[in-house]
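Residue numbers (our numbering): -9 to 214. See below for the structure under consideration.
Structure representation (C-alpha cells):
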C-alpha cells in the first residue's frame, strides 16, 4: 500500500536531491560523487514510485522492471569507455525499454493522433542521428552496428507506444528519454556534443521520472 503523504513527500524530495547531485557531479566532472549519485538517483526514483503505490497498478511490475534495468544500465555505463561495459549497458536499457512497452500496452494503447506524435519524435531524433549507424558500420562492421540498430528499433517502439497511451506525462517522459539517447548516439558516433553529460543526464532522469509518475497517477487503461 502507498505510504503516508509525509513519507511519499520525503521520498520524492530525496529523489529530487539525488537528481540534482548527479547533475552537479556531471557538470563538475566529480567522478566520486557521480559513482554514488548516478545509481542513487534511480534507486531513489524507484523507492519513491513504489512508495507512491506503483506496484498497486496493473502495469506496476513492468514499470518497476524498466526502472531496475535502467539502474543496471546506469551502473554499466559508468565504465562505458570499455566495450563490454557499453554493450552490457545497452542490453540492460534495451530490456528496460521492452518492459516499458509491456507497461504501456497494459495501460491501453490505441491508434490515435497521439501515436503520430510519438512517431514524429522518433523521426526527428532519427534525422538528427542519421549518420550514427553508417559511421558505426564503417568503423566496426555489422557486429558493432547491429546491437545499436536493434536498440534504436526498440526505443522507437517504446516512444510510439508511450504516446499511444494518451497520457501526457508518459508521452513527454518517453520523448525526452529518447532525446537523451539521441544525444549519446550523436556524441559517440557522429561528433562531440558540447556539455553532452548534462544534455544526456538531465532529460534521462526527468524522462524516467515522468514515466514513473504517469504510471503511478494512472488508475485505469485508456479508453479508445
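For glycine and all other residues, C-beta sits at the position ideal for the given N, C-alpha and C.
Same chain only: Cβ atoms within 7 Å of residue 92, ignoring 5 sequence neighbours per side: Once the five neighbours on either side are set aside, the close Cβ partners of residue 92 are 52.
Alpha carbon of residue 88 to alpha carbon of residue 144, nearest angstrom: Separation of residue 88 and residue 144 (C-alpha to C-alpha, rounded to the nearest whole angstrom) is 7 Å.
Environment of residue 199 [buried if 16+ CB atoms lie within 10 Å]: Of the other Cβ atoms in all chains shown, 16 or more fall within 10 Å of the Cβ of residue 199; this residue is therefore buried.
Alpha carbon of residue 147 to alpha carbon of residue 118, nearest angstrom: About 18 Å.
Residue 173 vs residue 186 beta-carbon contact at 8 Å: Residue 186 sits close to residue 173, with the two beta carbons spaced by under 8 Å.
For residue 205 and residue 63, believed in contact at Cβ under 8 Å, the rounded distance: Contact doesn't hold; Cβ gap of about 19 Å is too wide.
Whole-angstrom distance between residue 156 and residue 99, CA atom to CA atom: Here the alpha carbon of residue 99 sits roughly 8 Å from the alpha carbon of residue 156.
Validate contact between the region -5 to 5 and the region 31 to 46 using beta carbons, cut 8 Å, 3 pairs: Contact holds between the region -5 to 5 and the region 31 to 46, because three or more Cβ pairs, one in each stretch, are under 8 Å apart.
Bounding residues of the alpha helix (DSSP H) (the contiguous stretch that carries residue 21): For residue 21, the enclosing alpha helix (DSSP H) has its first and last residue at 21 to 41.
Beta-carbon separation (whole angstroms), residue 67 vs residue 58, contact threshold 8 Å: Not confirmed; about 15 Å, so no contact.
Residue environment, residue 171, which counts as buried when at least 16 other CB atoms sit within 10 Å: Residue burial is scored here from C-beta neighbours: residue 171 has at least 16 other C-beta atoms within 10 angstroms and is therefore classed as buried.
Sequence-distant residues of the same chain with beta carbon closer than 7 Å to residue 79, five excluded per side: Leaving aside the five residues that flank residue 79 on each side, the residues in its chain whose CB is nearer than 7 Å to its CB run, in chain order, 63, 66, 67, 70.
Where the alpha helix (DSSP H) through residue 198 begins and ends: From DSSP, the alpha helix (DSSP H) with residue 198 extends over 186 to 207.
Secondary structure of residue 157, DSSP reduced to three states: Coil at residue 157, not helix or strand.
Beta-carbon spacing of residue 201, residue 163 below 8 Å: Cβ distance < 8 Å, so residue 201 and residue 163 count as in contact.
Check whether residue 180 and residue 121 have beta carbons under 8 Å apart: Contact annotation: residue 180 and residue 121 have beta-carbon atoms nearer than 8 Å.
Classification of residue 197 by the beta-carbon crowding that lies within 10 angstroms, buried from 16 upward: With 16 or more Cβ atoms within 10 Å of its Cβ, residue 197 is classed as buried.
Range of the contiguous alpha helix (DSSP H) that encloses residue 5: DSSP places residue 5 inside the alpha helix (DSSP H), whose first and last residues are -5 to 17.
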